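Chains as they are written, first to last, in our numbering: chain A, 1 to 191; chain B, 1001 to 1164; chain C, 2001 to 2191.
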């Protein structure tokens, strides 16, 4: 066994990643090669001397407190989905179910696009996109042209491509846009 | 200042100002609160991106750290660029404008633009590595839709405030 | 202390359950900070990064599919957040290339800093830490997962998104570089 191979196997052995059969051959090499024996000793000493400093006393309590405060600030942006039929909510659900039943006939009477149709449209878009993406990927010139067209259409269509767009908004406008977008995303309102 | 220099500065300025917002300068508020609002926009972008592209958890673990950092850096660059542009307008309004000050500000704004482009390229490169071909197509559509949605919401906000 | 199985905590956290997420934080905070500490190289940055990792996990937990390994996903975020941080700091660009011919300062020489009453063991530990900190980031990431956190090559590969063979080779190369760098200290200790 060459020393290069032996040293690689010493590393694997330290990580418990050396298949058992190879260990026998490694030991045979180490019995005859002082340099590799010293190398293994060195790696074992390095491994033994490796360690991370413990955090000081009280650190983790403070860490969790700070994280909790930051998560609270995120709370308005998170949708809290209540677990259906959880204890204490059954009566509320029963009342809600009655209302839903009353509204079903009205719903059926008024045809309108529902979530299912939107999902079907999304699946249809997948069917359309896939061959287009494949064609584009196989033709670098076409890919480049499409990239440029898309870039131009993005810049033309929206002032948001302006790097200073966000800076041009007042604090109130920014807050109002955020609120509106959070509501559209199905998230909670402002704090 | 020679005529040639005036022309040169004018050309540089027109390049810079052409891509800067012509709208009213943002009101100076609490910078921390504003930074938090920018973070919320970034979070919304990521949330919608995740939904639109149906990102897997492996993809989010790779993308979120990079995209979050890039957006944070861009927000800081854009804030500084906005302040430099405000200073540039003020300098140009002087009679005469200080040539050294103008050139310095133009240089900073151009560097900021370059830095913003680099970050956009970094984000695009990461997305390119992580997304499947279909997701790449969805990403292009998503980007357009997101930007349009922001514009529409802003339009509604301004109409509501009687600005339009 | 919440003793629920992890899958149950994750499912709850996905629905917006902050208490469940807080328990997940308690279970993994030390390891996440450990990864950040090894990659960032200092406690202050590691503390910020650990906070950032959990905030990212909170935002992204909706994408987490039950049945996958939560800790693999969380550690992946930890590694990517830390590597992204290093890129931001430009440390990798500005870092001098790891020169295995450049030895760490020999103990007792003028170039060796540190308090005079530092024991030989502490000195070696400090030098090992310095040497690990000077490793290229991807080697350091493998080292952090395998040696500090005790992950197998297979698990580390899942976190890093590479092959088990790649992790094995990175560990071997990392150790080779460390041994070369710390050789004078190891030889001194042998005398």
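Cβ coordinates follow ideal geometry from the N, Cα and C atoms, glycine included.
Every value quoted in this text rests on a predicted model; they were computed, and no experiment measured them.
Query raised in the report: Does any heavy atom of the ligand GDP sit closer than 7 Å to the C-beta of residue 2007 of chain C?
Result: As presented, the structure is devoid of all ligands, the ligand GDP included, so that no description of it is given.
Query raised in the report: Which residue's Cα is closest to the Cα of residue 1076 of chain B: B/1160, B/1032, B/1125, B/1146?
Result: B/1032
Query raised in the report: What in chain B is Cβ-close to residue 2142 of chain C, meaning under 8 Å?
Result: Neighbours of residue 2142 of chain C on chain B: none; closest Cβ ~17 Å, over 8 Å.
Query raised in the report: Does residue 1132 of chain B come within less than 8 Å of chain C when only Cβ atoms are used?
Result: no
Requested in this report: Would you please verify whether the beta carbon of residue 1064 of chain B is less than 8 Å from any beta carbon of chain A?
Outcome: no
**Report entry** Helix, strand or coil at residue 2082 of chain C according to DSSP, with G and I counted as helix
**Finding:** helix
Query raised in the report: How is the alpha helix (DSSP H) around residue 1133 of chain B delimited, first residue to last?
Result: 1133-1160
**Report entry** Where the alpha helix (DSSP H) containing residue 61 of chain A begins and where it ends
**Finding:** 59-74
Query raised in the report: What is the residue span of the alpha helix (DSSP H) that residue 1039 of chain B lies within?
Result: 1031-1053
Query raised in the report: Can the beta-carbon of residue 1111 of chain B be found closer than 8 Å to that of residue 166 of chain A?
Result: no
Report task. With 8 Å as the threshold, decide whether the Cβ of residue 2029 of chain C is near any Cβ in chain A. Result -> yes
Query raised in the report: Among the residues of its own chain, which have a CB less than 6 Å from the CB of residue 2033 of chain C, if the five just before and after it don't count?
Result: 2046, 2050
Query raised in the report: If we count the other Cβ atoms within 10 Å of its Cβ and call it buried at 16 or more, is residue 2168 of chain C buried or exposed?
Result: buried
Report task. For the stretch 2107-2190 of chain C, list the beta strand (DSSP E) runs that are entirely contained and at least 3 residues long, ordered along the chain. Result -> none
Report task. Taking residue 1042 of chain B as the reference, give the member of C/2036, C/2056, C/2040, C/2038 with the closest Cα. Result -> C/2056
Query raised in the report: Beta-carbon of residue 1048 of chain B versus every beta-carbon of chain A: anything under 8 Å?
Result: yes
Query raised in the report: Under 8 Å between C-beta atoms, does residue 41 of chain A make it to chain B?
Result: no
Requested in this report: Consider the Cβ of residue 181 of chain A: report whether some Cβ of chain B lies at a distance smaller than 8 Å.
Outcome: yes
**Report entry** Segment contact flag, the stretch 1051-1063 of chain B with the stretch 1138-1158 of chain B, C-beta cutoff 8 Å, min 3 pairs
**Finding:** yes
Requested in this report: Let me know the secondary structure DSSP gives residue 2068 of chain C once reduced to three states.
Outcome: strand
Requested in this report: Tell me, please, whether the CB atom of residue 2065 of chain C is closer than 8 Å to any CB atom in chain B?
Outcome: yes
Report task. Just the C-alpha distance for residue 70 of chain A and residue 1 of chain A, rounded to the nearest angstrom, thanks. Result -> 56 Å
Query - CB contact check: residue 1068 of chain B to chain C, cutoff 8 Å - result: yes
Query raised in the report: How close, in whole Å, do the beta carbons of residue 2170 of chain C and residue 2139 of chain C come, if the pair is a contact with beta carbons under 8 Å?
Result: 5 Å
**Report entry** Under 8 Å between C-beta atoms of residue 1102 of chain B and residue 1092 of chain B
**Finding:** yes
Report task. Please determine if the stretch 41-54 of chain A and the stretch 17-24 of chain A are in contact, where contact requires at least 3 C-beta pairs separated by less than 8 Å. Result -> no
Requested in this report: Compute the Euclidean distance between the alpha carbons of residue 1127 of chain B and residue 1066 of chain B, then round it to the nearest angstrom.
Outcome: 10 Å
Query raised in the report: Under a three-way DSSP split, which group does residue 1094 of chain B fall into?
Result: coil
Query - residue 2090 of chain C versus residue 2143 of chain C - alpha carbon distance - result: 21 Å
Report task. May I have the straight-line CA-CA distance separating residue 2179 of chain C from residue 2128 of chain C, to the nearest angstrom? Result -> 9 Å
Query raised in the report: Between residue 2058 of chain C and residue 182 of chain A, is the Cβ-Cβ spacing less than 8 Å?
Result: no
Query - Selected residue, minimal CA-CA separation from residue 2052 of chain C, among B/1048, B/1058, B/1039 - result: B/1039
Query raised in the report: Whose C-alpha, out of B/1162, B/1159, B/1150, is nearest the C-alpha of residue 184 of chain A?
Result: B/1150
**Report entry** Contacts of residue 185 of chain A in chain B (Cβ-Cβ under 9 Å)
**Finding:** 1044, 1047, 1048, 1051
Query raised in the report: Since residue 11 of chain A contacts residue 2172 of chain C with CB under 8 Å, what's their CB separation in whole angstroms?
Result: 4 Å
Query raised in the report: Mind checking whether residue 1087 of chain B and residue 1105 of chain B have CB atoms under 8 Å apart?
Result: yes
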